[in-house]
Amino acid sequence: QMKDVKPHPQATLGLAPAAVVISGGGSGVGAAMAMVFANHGHQVTICGRRLEPLQVTAAQHSNIDYCVADVSQIEPVKALWQQMAERQRTPLIVVANAGASDSAPFDRTSEHEFLAAWQTHVMGTVNLWQASLPAMRRAHWGRLIAVASTASLKGYRFVAPYVAAKHAVLGLTRSVALEVARQGITANALCPGFIDTPMLEISVQRITAHTQLTPQQARDQLAAHNPQRRLITPDEVAQAALWLASEQASACNGSALNLSGGEV
Numbered sequence: 001q002m003k004d005v006k007p008h009p010q011a012t013l014g015l016a017p018a019a020v021v022i023s024g025g026g027s028g029v030g031a032a033m034a035m036v037f038a039n040h041g042h043q044v045t046i047c048g049r050r051l052e053p054l055q056v057t058a059a060q061h062s063n064i065d066y067c068v069a070d071v072s073q074i075e076p077v078k079a080l081w082q083q084m085a086e087r088q089r090t091p092l093i094v095v096a097n098a099g100a101s102d103s104a105p106f107d108r109t110s111e112h113e114f115l116a117a118w119q120t121h122v123m124g125t126v127n128l129w130q131a132s133l134p135a136m137r138r139a140h141w142g143r144l145i146a147v148a149s150t151a152s153l154k155g156y157r158f159v160a161p162y163v164a165a166k167h168a169v170l171g172l173t174r175s176v177a178l179e180v181a182r183q184g185i186t187a188n189a190l191c192p193g194f195i196d197t198p199m200l201e202i203s204v205q206r207i208t209a210h211t212q213l214t215p216q217q218a219r220d221q222l223a224a225h226n227p228q229r230r231l232i233t234p235d236e237v238a239q240a241a242l243w244l245a246s247e248q249a250s251a252c253n254g255s256a257l258n259l260s261g262g263e264v
């Protein structure tokens, strides 16, 4: 049976500077998180599949560096952790944020699209978290954070692969949280509604391509899901991640932190 552990020195009030890894860090929520953690003194490594967005984000702060890595595959994650070791950094805050979404009616959605959603969202989280756990256990402290979605908590039309994968991410989070609960580690999921990001703009383009709506009307339609009648900002999600990483959030484990203005 796992013994209770004392908090690691990193787990001080607020949060002492730590090494942070954020997937999907080149734009949107991932880039916002990188800036928030960097501004609080943490050394941040962002990763993603495309070089240019990573370079643009990393250039904005001296505490941010980058590595091209597709976290849906295990070998790039191993290479990322090797790079971190060479830099003498031990990630104790790991945010699985990489994601994507296609749109089609369920009966016109291919097996490939379901498998791609699973690989990106679920295995992208699994690979990052499995790589990070050994060091967190040695340190007796760690923060595993998944950027899930209100799609982890409810259904949406025309995005069945995304919704199914996001439900799986939340189930994964709850299971991992129970396994690490007495090891000084927490695992939590952030569940924002529609966020004002480049990914949302892709949704807007799809809506306008298949309806008579203008881009602004399409944005308003998405914002209407939120009872506050607005889109969530990337910074709101980033600030929530910063709180989950803090010692004040040490009792928050296996949670789905709902950031949707009351939609769910």
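Under our numbering, the first residue of the sequence shown is numbered 1, with each subsequent residue one higher.
Virtual Cβ for every residue (Gly too), placed ideally from N, Cα, C.
**Study point:** Any beta strand (DSSP E) of 3 or more consecutive residues that is wholly inside the stretch 65-102
**Key:** Qualifying beta strand (DSSP E) stretches, in chain order: 91-96.
Query raised in the report: So, using beta-carbon positions, are Ala165 and Trp129 closer together than 8 Å?
Result: No, these two residues do not count as a Cβ contact at 8 Å.
* Going by the CB atoms, is the gap between Ala79 and Cys270 shorter than 8 Å? -> The structure shown has nothing for residue 270, since the chain only spans 1 to 264.
- Pairwise C-alpha distance: Ile93 and Gly24: Here the alpha carbons of Ile93 and Gly24 stand approximately 15 Å from one another.
Report task. Could you tell me if Gly155 is buried or exposed, where buried requires 16 or more neighbouring beta carbons within 10 angstroms of its beta carbon? Result -> Result: exposed.
At what residue ranges does the stretch 95-158 contain a whole run of the alpha helix (DSSP H), taking only runs of 4 or more?
111-117 and 124-139, all fully within the stretch 95-158.
To the nearest angstrom, report how far apart Val264 and Leu153 are at their CA atoms. Distance from the CA atom of Val264 to the CA atom of Leu153, rounded to whole angstroms, is 7 Å.
### Message
The beta strand (DSSP E) that contains Gly193, what's its start and end?
### Response
For Gly193, no beta strand (DSSP E) run applies, since DSSP gives it neither H nor E.
Check whether the stretch 189-196 touches the stretch 132-139, taking contact to mean three or more Cβ pairs, one atom from each stretch, closer than 8 Å. Taking 8 Å as the limit for Cβ pairs, the verdict is that the stretch 132-139 does not touch the stretch 189-196.
Buried or exposed: Val29, going by 16 or more other Cβ atoms within 10 Å of its Cβ?
The residue in question, Val29, is buried, as its Cβ has 16 or more Cβ neighbours within 10 Å.
Quick check on this structure: which residue in Gln205, Ser62, Gly262 and Leu133 has the alpha carbon closest to the alpha carbon of Gly184? Checking every option, the nearest Cα to that of Gly184 belongs to Leu133.
- Item | For Leu178, three-class secondary structure by DSSP | The three-state secondary structure of Leu178, taken from DSSP, is helix.
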